[in-house]
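Residue numbers (this note's numbering), protein chains in the order written: chain V, 1 to 292; chain D, 293 to 426.
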């Protein structure tokens, strides 16, 4: 389990004057579901393109299965199944032709897996790809991503624009993939409840930097939400040391803290407040507190 | 086994599973010796990371609620663990607290409340065995 499937160190990427990624380092261990979260344009897709070898590292290094995906695309991509947000599939092919076409690229393609997935997803093999509904198109993409039993599944915003039934199918396949021992998943999403359900580790990307990267459990347990009642109404957000974010009005305010809970407790008392409620925030609240 | 997972109530998912399985055992909707789904099956059913399910099962096993037989699956402990009884008490206490709070607000004293409980109890079919009510 200690084997590292994706190893990115000090990756910086400029597009013209704009820094898309700045000194990004992250390690994805084998058998893990790694969730990349962040706003649109934060750099998640650029990061994923480096993993797939579609972009070459300008500064820093990218290793996937201990190889450089830009130097050895065949060696790396043959072990990866990927589904991108735009799902660029050839519209003029029928679904069965698409599967025939894709199987030619992968020596490890397994027809039984493809058949079983097509049946489960109720894909019509005779239908043209171009006439598939959004959901069926995503499912067809998922079949081509999974039928060669990849060691690494990479999904870039797999859920975007899809209804809950299709999203559930995709998440179900993520779960099935890691349940097969040793297989690894990297996926990006802005649907944080999905990430919270299936991810082991999460990295929060903000303006090209990794702001938080840890196990989901560690991230969740290190952040706390405090509701504080003050003796006097406060007319502007009280400035408390150790607080990341603050919402509320009048006498009751809610603070989000990372780590420094003890410090926060003491400053609350100094400001004439008492903590009336303490709870675990959701990933969404943690995320918002870091990017605001 | 029907479990409901919510990611928005602040309780970690593995803890939600632990709590709900304990509740089902205490409420006798899961009987001693009954089989639970495998880690993989439950992960797919709930769409939750398999490691989370495995962790919940480990906690339940440590607490004596379930036993895992290597290669043979996961089962509810025979004879009900003392912890399951503790859980029964916990659930009842929660209901009692709500009842007491309401009674106080209505200025109903404790003796009257206990008398009411006796009256209601006499209306229920007389059975000391485990009912199917839930």
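Where a beta carbon is used, it is the ideal one built from N, C-alpha and C, also for glycine.
Using a Cβ-Cβ cut-off of 8 angstroms, residue 329 of chain D is close to nothing in chain V; its nearest Cβ partner there is about 12 angstroms away.
Contact between the stretch 144-162 of chain V and the stretch 38-51 of chain V is present: 3 or more CB-CB pairs across the two stretches fall below 8 angstroms. Separation of residue 198 of chain V and residue 170 of chain V (C-alpha to C-alpha, rounded to the nearest whole angstrom) is 11 angstroms. In terms of CA proximity to residue 365 of chain D, D/330 leads the group D/311, D/330, D/411, D/312. When C-alpha distances from residue 92 of chain V are compared across V/127, V/108, V/59, the shortest belongs to V/127. Each residue's CA atom was taken as its position, placing residue 207 of chain V and residue 13 of chain V some 12 angstroms apart. Close partners of residue 196 of chain V in chain D (Cβ separation under 7 angstroms): 299. A direct Cα-to-Cα measurement between residue 275 of chain V and residue 350 of chain D gives close to 34 angstroms.
Note on residue 122 of chain V: under 16 other CB atoms within 10 angstroms of its CB, so exposed under the neighbour-count rule. DSSP places residue 158 of chain V in the coil class of the three-state scheme, outside both helix and strand. For residue 78 of chain V, there is no enclosing beta strand (DSSP E), as DSSP gives it neither H nor E. Taking 8 angstroms as the upper bound for CB-CB distance, residue 50 of chain V and residue 59 of chain V are not in contact here, some 11 angstroms apart. Look at the stretch 344-376 of chain D: it has no residue with a C-beta under 7 angstroms from a C-beta of chain V.
Residue 316 of chain D is bridged by DSSP to nothing; it lacks a bridge partner.
A direct Cα-Cα distance of roughly 14 angstroms separates residue 174 of chain V from residue 80 of chain V. The beta carbon of residue 184 of chain V does not come within 7 angstroms of any beta carbon belonging to chain D, so the residue lies off that interface.
Between residue 29 of chain V and residue 71 of chain V, the beta carbon gap of about 23 angstroms keeps them out of contact (Cβ cut-off 8 angstroms). Within chain V, 179 have C-beta atoms less than 7 angstroms from the C-beta of residue 332 of chain D, given in sequence order.
DSSP lists V/206 as the beta-bridge partner residues of residue 209 of chain V. Pairwise C-beta distances place the stretch 317-333 of chain D out of contact with the stretch 295-308 of chain D, as fewer than three of them are shorter than 8 angstroms. By the C-beta density criterion, residue 180 of chain V is exposed, having fewer than 16 other C-beta atoms within 10 angstroms. Looking at the backbone, the Cα of residue 408 of chain D and that of residue 392 of chain D are separated by about 12 angstroms. Rounded to whole angstroms, the separation of the alpha carbons of residue 99 of chain V and residue 289 of chain V is 44 angstroms.
Residues of chain V whose Cβ lies closer than 8 angstroms to the Cβ of residue 341 of chain D are, in chain order, 33, 175, 178, 197, 198, 199, 200. For residue 241 of chain V, no alpha helix (DSSP H) segment is defined, and its DSSP state is neither H nor E. Each of V/240, V/69, V/35, V/182 was checked against the Cα of residue 192 of chain V, and the nearest Cα belongs to V/35. Counting every other CB atom within 10 Å of its CB across the protein chains shown gives residue 398 of chain D a total below 16, marking it as exposed. In the three-state scheme derived from DSSP, where H, G and I count as helix and E and B as strand, residue 275 of chain V is classed as strand. When C-alpha distances from residue 345 of chain D are compared across V/178, V/116, V/280, the shortest belongs to V/178. Going by DSSP, residue 174 of chain V is part of the alpha helix (DSSP H) stretching over 164-179. According to the DSSP assignment, residue 25 of chain V belongs to the beta strand (DSSP E) that extends over 18-29.
Ranked by Cα distance from residue 53 of chain V, the first of V/184, V/40, V/67 is V/67. Taking 4 residues as the shortest admissible run, the stretch 123-149 of chain V contains the following complete alpha helix (DSSP H) segments, listed from N- to C-terminal end: 134-146.
At the C-beta level, residue 370 of chain D and residue 314 of chain D stay beyond 7 angstroms of one another.
Under the three-state reduction of DSSP output, residue 287 of chain V falls in the helix class.
A straight-line Cα-Cα distance of about 7 angstroms links residue 168 of chain V and residue 339 of chain D.
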